[in-house]
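Asker:
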Amino acid sequence: MNAQFKKGILELCVLSVLAEDDTYGYQIINKLSEFIDVSENSIYPILRRLTQENYFQTYLEESNEGAPRKYYSITEKGFLYYLQLREEWDSFIGGVYQIINQGGKKNEEIYRRLKTRIEKKTHGE
Amino acid sequence: MKKFIEDLRQELKKRHMASNTIEDIIKDHEEMIAAAKEEGMSEAEIIKKFGDPKKLAEELASDMTESDLDTDFDEEKEEEPASHDDFILYQSYVPEEDFVKFLFNLVSDDMTVKVSDDESIKVYYKKIKNISKYEIDFKHQELTIKAPKYVGFVFNLSRGDGAFLVEIPKRLTISNYKQSSVNADITLNDQNVKIFDLNSTNGDITVARCKLGQTKWNTVNGDVNISESTIDEVIATHVSGDLEIKDTVILHDLKLNTVSGDVKVENSVCNHLDISTVSGDVHGKEFYPRSVELRSVSGDIRIKNHENKPIEIIRKKSLSGTIVIEHD
Chain A
735 MNAQFKKGIL ELCVLSVLAE DDTYGYQIIN KLSEFIDVSE NSIYPILRRL
785 TQENYFQTYL EESNEGAPRK YYSITEKGFL YYLQLREEWD SFIGGVYQII
835 NQGGKKNEEI YRRLKTRIEK KTHGE
Chain B
62 MKKFIEDLRQ ELKKRHMASN TIEDIIKDHE EMIAAAKEEG MSEAEIIKKF
112 GDPKKLAEEL ASDMTESDLD TDFDEEKEEE PASHDDFILY QSYVPEEDFV
162 KFLFNLVSDD MTVKVSDDES IKVYYKKIKN ISKYEIDFKH QELTIKAPKY
212 VGFVFNLSRG DGAFLVEIPK RLTISNYKQS SVNADITLND QNVKIFDLNS
262 TNGDITVARC KLGQTKWNTV NGDVNISEST IDEVIATHVS GDLEIKDTVI
312 LHDLKLNTVS GDVKVENSVC NHLDISTVSG DVHGKEFYPR SVELRSVSGD
362 IRIKNHENKP IEIIRKKSLS GTIVIEHD
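Protein sequence lines, in the order shown, are assigned to chains A and B. Residue numbering for the first sequence follows the working numbering, beginning at 735 and increasing consecutively. Residue numbering for the second sequence follows the working numbering, beginning at 62 and increasing consecutively.
Right under this line is the structure:
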């Protein structure tokens, strides 16, 4: 997948996690990798950049098991940005699905139709 | 996991980050690794999950602001000779006609083209270690500069700081300028180019005080900056790089295809403006196209002018983007 495109999507994913609740770094990675194939090295730069741009704030909180953890918390600016990205994404992906589902969702069906089309053509010649 | 932390530290140092920024990043990673261990993940699992520290450092370096960079490094740099003197003359060529063609295939070396009062074409270079492996030639009025080809896929995309400088006599026209490069910045000043054709991935393109004929460029991340120029026609493709045009006359069409790159036009005219974009916006100030056409998902065209010259909207096809033309 195009790197820039993936980056934008991951940014939206990180924002979505933090729109739900304040979360620490490793937990964010865990939450994302539950559903998609990502590694830390593509998530941490996003966290850092969005924090620098004041979309997130951070604070330290003691953990039960060891050293205190850095929690990321979405700001109002960040939430507005999330809404905007979310809207862009919804309208984009909505359009994409309309296009790719025009011929139906089932591969077998699409294949069957393609096959009859090819057969028709070869018979016609 | 000590190795990961050490590798990361080295990679960040290599990219001249300030030491407090490095420590900050390292601290975050030590914390995340500790959290992963507490969840019972094995070293091997953690290594897999954290990925390549080099890629991480690259990514972080590309987001850096000035305060993140090591200022001591800049001071060290200043001890080196001034930038123009860094260039070493490679070769002079005497042109027989009043035109010249350029064909450049580069990876990460920057390219600057300037005019000079000299009667010959001069190729300078700096900070290029293996200059002997470059193919540099002037034949039938065509100057060729090609970076060495690497066998297989050992392609080093890290940004080098090598550069070329080509100086040409004032009277010469560039009949054809064709360049493809990956990370190279391209700078073109005071030139007359008939056909201008660029393909670049990350490098920025800067054009000032030029007269360009048919102009075409494709770029992924690079920004394009055009000022005080006259251009016949522009056909351009961007992905996320921005385009800025200032004090420029485009005689015919400006046609741009972009995903998220924004466009800023100031004090310029063109005949027809044709924009296809996903989320990139066009912002014009004192920008007078005769007509505009917009296809976008969420990208807008917003133009703010003093004079109330008519701008015809030929077509607008957009999910949430708008065209706004205002006069004050």
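Cβ atoms here follow ideal geometry from the backbone N, Cα and C, with glycine treated the same way. Nothing here was measured: the structure is a model prediction, and the numbers come from that model.
Reducing DSSP to helix, strand and coil, say where Met78 of chain B ends up.
Answerer: Of the three classes helix, strand and coil, the one that applies to Met78 of chain B here is strand, per DSSP.
Asker: For Lys194 of chain B, which residues from the same chain have a beta carbon less than 7 Å from its beta carbon, with the 5 sequence-adjacent residues on both sides left out?
Answerer: Same-chain partners within the cutoff: Pro209.
Asker: Going by DSSP, name the residue or residues bridged to Phe230 of chain B.
Answerer: With the sequence shown as reference, residue 230 of chain B is identified as Pro, and Phe is not the correct amino acid for it. Partner(s): B:Ser177.
Asker: Just verifying my parser: in three-state terms, what is the DSSP assignment at Pro350 of chain B?
Answerer: In the structure shown, Pro350 of chain B sits in a strand (DSSP, three-state: E or B).
Asker: Return the bridge partner residues of Ala269 of chain B from the DSSP annotation.
Answerer: Its beta-bridge partners are B:Asn250, B:Ser288.
Asker: Is it buried or exposed, Ser144 of chain B, if we count other Cβ atoms within 10 angstroms and call 16 or more buried?
Answerer: Because the pLDDT of Ser144 of chain B is 43, which lies under 50, any placement of that residue in the model is unreliable, and the number read from its coordinates should be weighed accordingly. Label assigned to Ser144 of chain B: exposed.
Asker: Look at the alpha carbon of Gln791 of chain A and the alpha carbon of Thr785 of chain A, and state the distance between them as a whole number of angstroms.
Answerer: Roughly 6 Å between the two C-alpha positions.
Asker: Output the distance between the C-alpha atoms of Phe769 of chain A and Tyr793 of chain A, rounded to the nearest integer angstrom.
Answerer: Their Cα atoms are separated by approximately 27 Å.
Asker: Do Gln202 of chain B and Val268 of chain B come within 7 Å of each other at the CB atom, strictly closer than that value?
Answerer: Cβ distance not < 7 Å, so Val268 of chain B and Gln202 of chain B don't count as in contact.
Asker: Taking Gly800 of chain A as the query, report the chain B residues whose CB atoms sit under 7 Å from its CB, ordered along the chain.
Answerer: Correct list: Ala95, Glu99.
Asker: Could you tell me the alpha carbon to alpha carbon distance between Glu141 of chain B and Ser381 of chain B, rounded to whole angstroms?
Answerer: A caution first: Glu141 of chain B carries a pLDDT of 36, below 50, which makes its placement in the model unreliable, though a value can still be read off. Taking the straight line from one Cα to the other gives about 52 Å.
Asker: Taking its Cβ as the centre, do 16 or more other Cβ atoms sit within 10 Å of Asp159 of chain B, making it buried, or is it exposed?
Answerer: Label assigned to Asp159 of chain B: exposed.
Asker: Along the alpha helix (DSSP H) that carries Lys378 of chain B, what are the first and last residues, could you check?
Answerer: It is not in any alpha helix (DSSP H) - Lys378 of chain B instead sits in the beta strand (DSSP E) that spans 373 to 379.
Asker: Which of the residues in the stretch 274 to 293 of chain B, read from start to end, lie with their CB under 9 Å from any CB of chain A?
Answerer: Here the close residues are Val281, Asn282.
Asker: So, at 8 Å on beta carbons, what are the nonlocal neighbours of Ser340 of chain B in its own chain, with the 5 sequence-adjacent residues on each side left out?
Answerer: If we look at Ser340 of chain B and ignore the five residues flanking it on each side, its Cβ neighbours are Val320, Ser321, Ser357, Val358, Ser359, Gly360.
Asker: Looking only at DSSP bridge pairs, what is Val748 of chain A linked to?
Answerer: DSSP lists no partner for Val748 of chain A.
Asker: Alpha carbon to alpha carbon, how far is Ser773 of chain A from Ile87 of chain B?
Answerer: Near 17 Å, if we compare the C-alpha coordinates of Ile87 of chain B and Ser773 of chain A.
Asker: Which same chain residues end up closer than 6 Å to Tyr349 of chain B when comparing Cβ atoms and leaving out the 5 residues on each side of it in sequence?
Answerer: Taken in chain order, the residues that qualify are Val330, Lys370.
Asker: Taking only the alpha-carbon atoms, compute the straight-line gap between Glu289 of chain B and Leu315 of chain B and give it to the nearest angstrom.
Answerer: The alpha-carbon atoms of Glu289 of chain B and Leu315 of chain B are separated by roughly 16 Å.
Asker: Taking the C-alpha atoms as reference points, what is the distance between Asn385 of chain B and Val310 of chain B?
Answerer: Sequence check: residue 385 of chain B is Val here, not Asn. Distance between the alpha carbons of Val385 of chain B and Val310 of chain B is about 22 Å.
Asker: Looking at C-beta atoms only, is the number of pairs between the stretch 235 to 245 of chain B and the stretch 257 to 276 of chain B that lie closer than 8 Å three or more?
Answerer: Taking 8 Å as the limit for Cβ pairs, the verdict is that the stretch 257 to 276 of chain B does touch the stretch 235 to 245 of chain B.
Asker: Count the other CB atoms, across all protein chains shown, that sit within 10 Å of the CB of Asn788 of chain A; report buried if there are 16 or more and exposed otherwise.
Answerer: Classification of Asn788 of chain A: exposed, given that the 10 Å Cβ count is below 16.
Asker: Would you check if there are 3 or more beta carbon pairs closer than 8 Å linking the stretch 74 to 93 of chain B to the stretch 847 to 854 of chain A?
Answerer: Output reads no: the stretch 847 to 854 of chain A does not touch the stretch 74 to 93 of chain B.
Asker: If we define contact as Cβ-Cβ less than 7 Å, is Phe111 of chain B a contact residue for chain A?
Answerer: Cβ-Cβ to chain A under 7 Å: yes for Phe111 of chain B.
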